[in-house]
Amino acid sequence: MRCRKPGSRCHCLICQAFQRQTVRGCGRRSRQGCRAEKRRQYFIQEIPSAPNFNRGVCRTCGKPVVEVAGVGPLKVMFIPVSNFEPEARLPPVRMDIFYHHRVLDVPGSLPKYSGYYPSLLAVGKMIMSGL
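In the numbering used here, the protein residues as written are 1041 to 1171.
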């Protein structure tokens, strides 16, 4: 699987719990551009506090596999960075979102968005810029 779109690092509490990590790094893909040959190897968990955002977990090991957000033609898949080989050439991270929930400060000059609506708006702009 290749991930061509830049990603973000999410510090929200839902992602921390889902990925069992203090920060979630992910790349994104359009739903149409993904060949999910192994779709049956994971199941989707619906998260009530995150409407239109579902997460897929491996049926065998329970590891996070995919996150799907959006509706209709605007569906986007987020693939956790931990699913890629270390040598994989991933696009650069463009921002930190939900930074107010961070466990540790993240060094660097990337934009850091705190708060629900600023983080959502930043992700929305990132997704729309890739269409």
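Quick reminder that beta carbons are idealized off the backbone N, C-alpha and C, glycines included. All values reported here derive from a predicted model rather than from experimental measurement.
Backbone secondary structure at residue 1159 - three-state DSSP: helix
Beta carbon of residue 1059 nearer than 9 Å to that of residue 1120: yes
Exposure of residue 1168, with buried meaning 16 or more beta-carbon neighbours within 10 Å: exposed
Candidates 1063, 1145, 1140, 1104, of which the one nearest residue 1157 by Cα: 1140
Classification of residue 1165 by the beta-carbon crowding that lies within 10 angstroms, buried from 16 upward: exposed
Reduced DSSP secondary structure (H/G/I, E/B, other) of residue 1055: helix
Distance, residue 1100 Cα to residue 1049 Cα: 26 Å
Burial state of residue 1096 (16 or more Cβ within 10 Å): buried
9 Å Cβ cutoff met for residue 1144 and residue 1063: yes
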